[in-house]
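In what follows, a structure is listed as structure tokens, so that the remarks can point back to it.
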Amino acid sequence: IAPGHILITTRDHYQKLTDLFPPPTTTTSSSSSSTNPRPADDWNSRRRASTQRASARGLGEWLPVVSRALCKVTGIEDWNVVQNNGERAAQVVPHIHFHLIPRYQEGRRENAGKGKVDVGMLKSWRMFGRGAREELEDDEGVEMAGLLREAMREEVEGRGGKVKL
Numbered sequence: 001i002a003p004g005h006i007l008i009t010t011r012d013h014y015q016k017l018t019d020l021f022p023p024p025t026t027t028t029s030s031s032s033s034s035t036n037p038r039p040a041d042d043w044n045s046r047r048r049a050s051t052q053r054a055s056a057r058g059l060g061e062w063l064p065v066v067s068r069a070l071c072k073v074t075g076i077e078d079w080n081v082v083q084n085n086g087e088r089a090a091q092v093v094p095h096i097h098f099h100l101i102p103r104y105q106e107g108r109r110e111n112a113g114k115g116k117v118d119v120g121m122l123k124s125w126r127m128f129g130r131g132a133r134e135e136l137e138d139d140e141g142v143e144m145a146g147l148l149r150e151a152m153r154e155e156v157e158g159r160g161g162k163v164k165l
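First residue of the sequence shown? That's 1 in UniProt numbering, and the numbers climb one at a time after it.
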């Protein structure tokens, strides 16, 4: 895990990305109680769908904000955004979350001095970085978190918004 590796998740539990924004439901004109939900069930399903849409919007709004803060705080220009759906896609934790993984210059060879990095020229490239979480310093993590919060606050307030981080 690289310093600055961030996870973004939802407050409510969703296992896969497809669970966030439900497909439209079909309605029926039949008056049968087996096909028409009770008003309370209908209200609950509308509320659940509204929460799912809000979670999807929230992820979409915060991914760029957190990405810009990550770049500002770490000085990186390149990063990965990774989200796995299901066991065969390497999803270990059954809860939707996005990894923002900074890509530092160390371990890369320049492309013939042109300042461009070719993926094929990366040394020991790994999706989630090298090393274990235990190898990171807690104090550095606390400092990084504070810097990221401040950068996100500046980003949001600079656009006329307010945020509690």
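Glycine residues also receive a C-beta, built at the ideal position from the N, C-alpha and C atoms.
Since the model is a prediction, treat every value here as computed from it, not as a measurement.
Beta-carbon proximity check, residue i vs residue j, cutoff 7 Å
i: residue 73; j: residue 151; result: yes
i: residue 20; j: residue 97; result: no
i: residue 50; j: residue 10; result: no
i: residue 79; j: residue 100; result: yes
For residue i, three-class secondary structure by DSSP
i: residue 64; result: helix
i: residue 20; result: coil
i: residue 84; result: coil
i: residue 57; result: helix
i: residue 93; result: coil
i: residue 145; result: helix
i: residue 153; result: helix
i: residue 164; result: coil
i: residue 113; result: Because the pLDDT of residue 113 is 49, which lies under 50, any placement of that residue in the model is unreliable, and the question is left without a value.
i: residue 15; result: coil
i: residue 159; result: coil
i: residue 137; result: coil
Close-in-space but distant-in-sequence residues of the same chain around residue i (CB under 6 Å, 5 per side omitted)
i: residue 29; result: Residue confidence for residue 29 is low, a pLDDT of 43 falling below 50, so the modelled location carries little weight and cannot support an answer.
i: residue 15; result: 94
i: residue 158; result: none
Status (buried if at least 16 other CB within 10 Å, exposed otherwise) for residue i
i: residue 5; result: buried
i: residue 18; result: exposed
i: residue 102; result: buried
i: residue 66; result: buried
Counterpart residues of residue i in DSSP-defined beta bridges
i: residue 79; result: 102
i: residue 6; result: 100
Spatial neighbours of residue i in its chain, beta-carbon cut-off 8 Å, leaving aside the 5 residues before and after
i: residue 147; result: 73
i: residue 13; result: 95
i: residue 140; result: 3
Cutoff 7 Å; reference residue i; Cβ partners in own chain excluding five residues on either side
i: residue 69; result: 148, 151, 152, 155
i: residue 90; result: 84
Cβ of residue i within 7 Å of any chain D Cβ
i: residue 137; result: Note that chain D does not occur in the displayed structure, where there is just one protein chain.
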